[in-house]
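Enquirer: Below: one structure in structure tokens.
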Amino acid sequence: MLSTYHFDVDEGLTKDIAPGDLVPLVKGGRGVLWVDMESPTEDETALLDEVFAFHPLAIEDCSEKEQYPKLDDFDSHLFLVMLAPDLLSIEQEDPEMLTLDLFIGKGFVVTYHERPLRSISQLRARAERSPAEVLGRGPALLAHAILDAVVDQHYAGVSRLNDAAERLQDLILEQPRKEYLDRTLALRSHVLQLRRILSDERNVMVQLSSGHDSLVGEDASRYYADLSEHLDQLSDKLDVTRDSLGGARDLYLSVSANRTNEAMRVLAALATILLPLTFITGLYGMNVRLPGGVEGARGHPYAFPVILGAMGLVAVVIFLLFRRKKWI
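Start counting the sequence shown at 27; every next residue gets the next number (the working numbering).
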């Protein structure tokens, strides 16, 4: 799907521009052009070369499925790769990261992404409502608005991860199941991965905020420096989430160990109570003739109940002793 927006102070906002009419707008230098390619077809992808003449390496990177945040300067245009968390799968064991490829040129911005991005959809709607605010400040600040929307999506993702970590702690404290530990470890691995991505994206923002590139300019560089600070804050929040997940893991191990100790203590107490009873039955079973014994031998009529009573008394005494010492 191709979404096109062109804003000029005199002519206002023009959208849904035909691909054949893009070349004059790119070469004309008037106003700001934004072309958003969402799940583009081959013909739409071909516009990257035919209309904008982007570097072949940048166009090739757009078709790559696995990418990492980076910034490439091709003199006539800048090429950025940004990643954003998929909010629908962020709490799953194998969450997805959505890729946004962004080109900044003189008078235009091109965004390329295979999957729908909520941040881009919201910005497109905002551009239609307030084109002067989104498009009227130049391509560098338009690119900043796009990247700022991506960072906002990071905020939402980090918030969900933090909530998931707190829920896991509560679940583990209530019932330490193995599945909760598996989810905790999977979520912690995802947090570490997202932490590395944020670090790479911060480096990209630092490069853009240096103010040395003519396509960005010194005025816009301040906005990118602000994005760099936001990414630093997100990294700090992820560190807290990582520590929470580490605490959840330690809590699981601690609660599981305590429950195992409780079970072992009960079993040990039970074995201790049964030990003298086993001794009594073995001793008297070998040496005392009980009623109904082998070969019809007759024993004392009170021997059996006396032995049972002695066994019960020993068991009760040991049990009360354990309760007094709070062992069971």
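We put the CB at the ideal spot given by N, CA and C, even for glycine.
Taking the alpha-carbon of Ile172 as reference, which of Ile85, Asp189, Val266 and Ala151 has the nearest alpha-carbon?
Expert: When only C-alpha atoms are compared, the closest one is Ala151.
Enquirer: With DSSP as the reference, label Lys41 as helix, strand or coil.
Expert: If DSSP states are grouped into helix, strand and coil, Lys41 belongs with the strands.
Enquirer: For the beta strand (DSSP E) that Asp189 lies in, which residues bound it at each end?
Expert: From DSSP, Asp189 is part of no beta strand (DSSP E) but of the alpha helix (DSSP H) over Pro165 to Glu200.
Enquirer: Check this for me: beta carbons of Leu149 and His139, under 7 Å apart or not?
Expert: Cβ atoms of Leu149 and His139: not closer than 7 Å.
Enquirer: Taking DSSP as the reference, what is the three-state secondary structure of Gly272?
Expert: Three-state result, Gly272: helix.
Enquirer: Suppose the cutoff is 7 Å on Cβ atoms and the five residues either side in sequence are ignored; what does the same chain contact list for Val332 look like?
Expert: Here the set comprises nothing.
Enquirer: Using only alpha-carbon positions, find the residue among Ser185, Leu277, Leu161 and Ala169 that is nearest to Arg203.
Expert: Of the listed residues, the one whose Cα sits closest to Arg203 is Leu277.
Enquirer: Considering only their Cβ atoms, is the gap separating Ala341 from Ile299 smaller than 7 Å?
Expert: In this structure, Ala341 lies closer than 7 Å to Ile299 by Cβ.
Enquirer: Determine the direct distance from the alpha carbon of Ala191 to that of Arg285, and round the result to whole angstroms.
Expert: Each residue's alpha carbon lies about 22 Å from the other.
Enquirer: Please determine, among Leu194, Asp62, Ile344 and Val160, the residue with the shortest C-alpha to C-alpha distance to Gly273.
Expert: It is Leu194.
Enquirer: Could you give the distance in angstroms between the alpha-carbon of Leu264 and the alpha-carbon of Asn188?
Expert: Taking the straight line from one Cα to the other gives about 8 Å.
Enquirer: Suppose the cutoff is 6 Å on Cβ atoms and the five residues either side in sequence are ignored; what does the same chain contact list for Thr210 look like?
Expert: Cβ within range, chain order: Leu194, Leu271, Ala274 and Arg275.
Enquirer: Measure from the alpha carbon of Leu260 to the alpha carbon of each residue in Tyr249, Asp226 and Ser280, then state which is nearest.
Expert: Leu260 has its Cα closest to that of Asp226, out of Tyr249, Asp226 and Ser280.
Enquirer: Under the three-state reduction of DSSP, which class applies to Leu334: helix, strand or coil?
Expert: Three-state result, Leu334: helix.
Enquirer: Should the region 127–135 be regarded as contacting the region 240–257, the criterion being three or more beta carbon pairs within less than 8 Å?
Expert: They touch, by the three-pair rule.
Enquirer: From Ala79 to Glu122, what does the alpha carbon distance come to, in whole angstroms?
Expert: Using only the alpha carbons, I get a separation of about 31 Å.
Enquirer: Going straight from the alpha carbon of Thr137 to that of Leu106, what length do you get?
Expert: Thr137 and Leu106: Cα-Cα distance of roughly 10 Å.
Enquirer: Just to confirm my understanding: we take Asp98, look at its own chain, exclude 5 residues before and 5 after, and list those with CB closer than 6 Å. What are they?
Expert: If we look at Asp98 and ignore the five residues flanking it on each side, its Cβ neighbours are Phe105.
Enquirer: Between Val58 and Gly164, which are expected to be in contact by the criterion C-beta below 8 Å, what is the C-beta distance as a whole number of angstroms?
Expert: The pair is a contact, with the Cβ atoms about 6 Å apart (cut-off 8 Å).
Enquirer: Do Ala169 and Val217 have their CB atoms nearer than 7 Å?
Expert: The answer is no: Cβ separation not under 7 Å.
Enquirer: Who are Ser29's beta bridge partners in DSSP?
Expert: DSSP, once it has assigned bridges, lists Asp62 as partnering Ser29.
Enquirer: Beta-carbon separation of Arg221 and Leu257 under 7 Å?
Expert: For Arg221 and Leu257, no; Cβs fall outside 7 Å.
Enquirer: Rounded to a whole number of angstroms, what is the C-alpha to C-alpha distance between Ile43 and Tyr181?
Expert: Approximately 33 Å between the Cα atoms of the pair.
Enquirer: Measure the CB-CB distance between Leu28 and Glu70 and report whether it falls below 7 Å.
Expert: Closer than 7 Å, so yes.
Enquirer: With a CB to CB cut of under 6 Å and the five nearest residues on each side skipped, what residues in its chain are close to Ala251?
Expert: So the list reads Ser235, once near-sequence residues are dropped.
Enquirer: Answer with buried or exposed for Ser247, where buried requires no fewer than 16 other C-beta atoms within 10 angstroms of its C-beta.
Expert: It is buried - the Cβ of Ser247 has at least 16 other Cβ atoms within 10 Å.
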